[in-house]
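Protein chains in written order, with our numbering: chain Z, 1 to 390; chain A, 391 to 525.
Next comes the structure, spelled out in structure tokens:
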């Protein structure tokens with residue numbers, strides 16, 4: 001049986017062996033299995049040291065103080081905690097949130113929940129390239145706005161938003177600014193100070209780290225705490241209580257350490273692979289690139305194929321581990337709301353495919369994908385050409 | 391985005407029919423139904439000789455179930471008498487390819503295309519064009 005080619009790094013990534021080794025060391029009974037809150041003995045101290053080391057590594061990548069980080073179970077929890085926690089904590093300041101129509105559901109559903117609690121939410125729409133105009137954010141601000149939440153890079157199209165510009169206008173209006181950086185960490189430089197970001201969600205598993213761990217940065221000068229979503233234990237200043245999973249945190253620390261060391265070389269390598277893939281399929285009839293062709297992550301290529309039925313295309317691509325914008329397997333039945341926001345119709349949403357590359361992607365894999373994708377598209381286009389007689 | 395595009399819901403039998411190359415299409419009769427907006431657009435065509443169909447082929451913008459179904463119908467109709475167009479058993483196709491209930495509408499589009507093909511035959515038969523007997 002032919003091996004399936006993995007090009008779904010934007011969904012999750014394989015664990016880097018170096019990360020795995022450090023995590024395993026933490027689980028060894030002689031190393032750091034202790035409770036990092038139990039610093040009255042050496043086991044707890046070693047665990048606390050490992051957590052502190054990891055916090056330094058995460059902080060170093062985004063230019064914050066390690067004390068400004070709160071460990072979470074991943075970017076979804078970080079987003080929930082940032083949006084709900086900050087909105088509730090600053091409710092006296094105002095009960096209006098500004099976000100975009102193309103955020104991850106972790107943000108959108110948090111906003112929907114806040115709406116049930118008396119908050120109002122403005123959803124700024126992107127242009128046809130998936131870009132959010134900072135001026136549109138500015139225009140949406142009111143005297144009641146307490147929080148703006150905009151993702152750094154979109155998970156479906158990879159389109160990068162100008163978060164520095166949005167950060168500047170939010171700071172100017174004294175509005176808190178949250179950024180979901182789940183897709184961009186390790187692919188784009190992030191400097192929370194320069195970008196004037198007040199809350200930042202990151203995780204590890206999109207960057208060859210472990211699943212089940214993430215962090216939320218809270219700018220200590222702007223917001224010292226948020227209303228917690230969990231209660232009990234008092235860990236992490238009560239913002240996110242619960243015994244810290246040291247091995248997970250250690251894995252995230254190692255993930256960020258590797259990103260910091262290798263990002264400069266990895267980003268252009270992955271971009272070359274992505275561009276090689278695009279060069280190989282761009283000439284196919286009916287192929288459309290979804291999103292900004294320039295300002296997007298090095299790793300993502302999202303395309304739609306005109307006049308090709310989505311389910312058949314996906315079936316024809318069963319040898320590839322990729323993602324689609326189809327609704328056929330979701331509970332919502334709405335298809336990709338991101339691609340719809342870019343103006344794509346039902347057929348183009350259904351036939352959309354996201355290729356996302358990463359650390360272990362190779363040129364040989366890209367060439368195979370070009371061939372498999374080209375064959376599948378050509379076959380289905382021939383089959384669907386109704387103007388043809390024999 | 392939905393991850394992991396896999397083929398869990400399709401049988402090997404369906405795979406065999408879905409993967410067949412596009413068939414040549416005859417030119418004597420033709421019937422089309424559906425649209426991309428409806429999720430399926432299907433065209434059947436065939437040559438007619440001595441009241442029998444040859445070069446039965448189709449073109450389809452459709453899901454794997456319906457494409458496999460079209461291949462099966464074309465196979466069944468090849469060489470059959472023209473009246474067979476009025477007797478294509480949809481229930482058999484549903485069972486054979488395990489076509490889920492939510493695709494019943496698309497299956498009806500397939501049926502509509504076949505019916506349109508038969509209607510085209512009747513129109514042509516009634517017209518002066520007719521169908522020559524060929525050797």
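Idealized CB from N, CA, C, for every residue including glycine.
{"query": "Residue span of the beta strand (DSSP E) that contains residue 450/A, given as start and end", "result": "442-451"}
{"query": "Contact set for residue 87/Z: own chain, Cβ-Cβ below 7 Å, skip 5 residues either direction", "result": "97, 114, 119, 146 and 147"}
{"query": "Stretch pair the stretch 60-71 of chain Z + the stretch 132-145 of chain Z: three plus CB contacts closer than 8 Å", "result": "no"}
{"query": "Interface flag, residue 309/Z vs chain A, CB-CB below 9 Å", "result": "yes"}
{"query": "Reduced DSSP secondary structure (H/G/I, E/B, other) of residue 312/Z", "result": "helix"}
{"query": "Min CB distance residue 368/Z to chain A below 9 Å", "result": "no"}
{"query": "The stretch 492-508 of chain A touching the stretch 423-432 of chain A, judged by at least three CB pairs closer than 8 Å", "result": "yes"}
{"query": "Enclosing alpha helix (DSSP H) for residue 80/Z [first to last residue]", "result": "75-80"}
{"query": "Closer than 9 Å to chain A by CB, residue 347/Z", "result": "yes"}
{"query": "Residue 391/Z, enclosing beta strand (DSSP E) - first and last residue", "result": "Absent from the model: residue 391/Z. The displayed extent of chain Z is 1 to 390, so no value can be given."}
{"query": "Beta-bridge partners of residue 303/Z, as assigned by DSSP", "result": "289/Z and 353/Z"}
{"query": "Pick from 401/A, 409/A, 420/A and 406/A that is closest to residue 472/A, judged by C-alpha positions", "result": "420/A"}
{"query": "The stretch 240-256 of chain Z contacting the stretch 188-208 of chain Z, beta-carbon criterion three pairs below 8 Å", "result": "yes"}
{"query": "Contacts of residue 299/Z in chain A (Cβ-Cβ under 8 Å)", "result": "Correct list: empty, because the minimum Cβ distance to chain A is about 14 Å."}
{"query": "6 Å CB neighbourhood of residue 38/Z in its chain, flanking five on each side removed", "result": "44"}
{"query": "Simplified DSSP assignment, three categories, for residue 169/Z", "result": "helix"}
{"query": "Under 9 Å from the C-beta of residue 408/A: neighbouring residues of chain C", "result": "Note that chain C does not occur in the displayed structure, where the protein chains are Z and A."}
{"query": "Chain A contact for residue 391/Z (CB, 9 Å cutoff)", "result": "The displayed coordinates of chain Z run from 1 to 390. Any statement about residue 391/Z would go beyond what the structure contains."}
{"query": "Helix, strand or coil at residue 27/Z [DSSP, three-state]", "result": "helix"}
{"query": "Sequence-distant residues of its chain with Cβ nearer than 8 Å to residue 510/A (five each side left out)", "result": "419, 420 and 421"}
{"query": "9 Å Cβ cutoff, residue 331/Z in contact with chain A", "result": "Note that residue 331/Z scores 45 on pLDDT, short of 50, meaning its location in the model is unreliable; the coordinates nonetheless yield the value given after this. Not closer than 9 Å to any Cβ of chain A, the Cβ of residue 331/Z fails to qualify, so no."}
{"query": "For residue 8/Z: DSSP bridge partner residues", "result": "356/Z"}
{"query": "CB contact below 9 Å: residue 386/Z versus chain A", "result": "yes"}
{"query": "Spatial neighbours of residue 312/Z in its chain, beta-carbon cut-off 6 Å, leaving aside the 5 residues before and after", "result": "380"}
{"query": "Supposed contact pair residue 201/Z and residue 181/Z - C-beta distance, whole angstroms, cut 8 Å", "result": "6 Å"}
{"query": "Cβ neighbours of residue 330/Z in the same chain (closer than 7 Å, five flanking residues each side left out)", "result": "Any reading at residue 330/Z must be qualified, since the residue scores a pLDDT of 44, below 50, and its modelled position is unreliable; no value is offered."}
{"query": "Whole-Å CB distance - residue 216/Z paired with residue 72/Z, under 8 Å assumed", "result": "6 Å"}
{"query": "Proximity winner among 304/Z, 264/Z, 292/Z and 265/Z, relative to residue 283/Z (alpha-carbon distances)", "result": "304/Z"}
{"query": "According to DSSP, residues forming a beta bridge with residue 296/Z", "result": "159/Z"}
{"query": "Members of the stretch 450-470 of chain A that neighbour chain Z once the beta carbon cut-off is set at 8 Å", "result": "450, 451, 452, 453, 454 and 457"}
{"query": "Three or more C-beta pairs below 8 Å linking the stretch 403-418 of chain A and the stretch 435-451 of chain A", "result": "yes"}
{"query": "Spatially closest choice to residue 306/Z from 357/Z, 238/Z and 385/Z, by CA coordinates", "result": "385/Z"}
{"query": "Integer Cβ distance of residue 92/Z from residue 357/Z, believed to fall under 8 Å", "result": "Wrong, their Cβ atoms sit about 46 Å apart, outside the cutoff."}
{"query": "Residue range of the alpha helix (DSSP H) that includes residue 374/Z", "result": "363-384"}
{"query": "Proximal residues, the stretch 430-447 of chain A versus chain Z, C-beta separation under 8 Å", "result": "430, 431, 433, 435, 445 and 447"}
{"query": "Contact with chain A by residue 379/Z, beta-carbon distance below 9 Å", "result": "yes"}
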